[in-house]
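Numbering (the numbering used here), first residue to last: 17 to 185.
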């Protein structure tokens with residue numbers, strides 16, 4: 017039965033692709049456009065007279081701890097060209113280590129104290145873990161919330177997940 021369901025789903029997707037051939041906007045089975053957020057953002061850019069466009073990311077997230085975050089950010093392309101991109105290097109570098117990514121994941125998952133984090137296998141020595149926590153804290157991916165307790169700041173939860181999504185092949 018599982019194979020039949022999978023074939024039926026593939027046939028439904030193929031039919032939807034063939035149906036939208038020649039249409040400007042992709043259409044879901046329910047009839048709503050896949051790019052509804054983009055279309056709304058483009059309308060706002062047009063109203064603002066932003067001929068060079070812009071970038072927006074947004075998210076509504078429920079963590080394994082049942083905490084919920086909603087966040088959005090948009091900026092004009094022109095302002096991105098004017099920024100010093102070197103300022104982002106330390107933030108990206110902090111995310112460029114597997115142990116730091118694991119620490120962020122564990123903290124978002126509810127392990128918030130240094131003691132809980134040092135109990136996990138594969139993260140290194142206590143000193144190494146503290147080094148990684150300091151690196152993440154220095155660039156704002158973490159902050160301390162009391163003695164030995166770490167949190168991802170609420171304004172960084174969705175951007176972190178966006179960065180992870182953007183890094184997917």
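Idealized CB from N, CA, C, for every residue including glycine. Treat the numbers as computed from the prediction; the structure is a model and nothing was measured.
Residue i to residue j span [Cα, whole Å]
i           : j           : result
residue 163 : residue 130 : 9 Å
residue 135 : residue 120 : 15 Å
residue 168 : residue 102 : 23 Å
residue 143 : residue 166 : 16 Å
residue 70  : residue 183 : 20 Å
residue 106 : residue 180 : 16 Å
residue 114 : residue 145 : 12 Å
residue 77  : residue 185 : 22 Å
residue 133 : residue 116 : 11 Å
Classification of residue i by the beta-carbon crowding that lies within 10 angstroms, buried from 16 upward
i           : result
residue 124 : buried
residue 104 : exposed
residue 150 : exposed
Cut-off 7 Å between Cβ atoms - residues of its own chain near residue i, not counting five sequence neighbours on either side
i           : result
residue 126 : 80, 81
residue 170 : 85
Close Cβ partners of residue i (< 6 Å) along its chain, the five nearest in sequence each way excluded
i          : result
residue 52 : none
residue 68 : 93, 94
Evaluate the contact criterion for the region 135 to 143 versus the region 88 to 95: three or more CB pairs, one atom per stretch, below 8 Å. no
Residue ranges of each alpha helix (DSSP H) within the region 96 to 163, 4 or longer: 105 to 111, 114 to 124, 130 to 134, 142 to 154
Contact between the region 148 to 163 and the region 107 to 121: three or more CB pairs below 8 Å? Segments in contact, yes.
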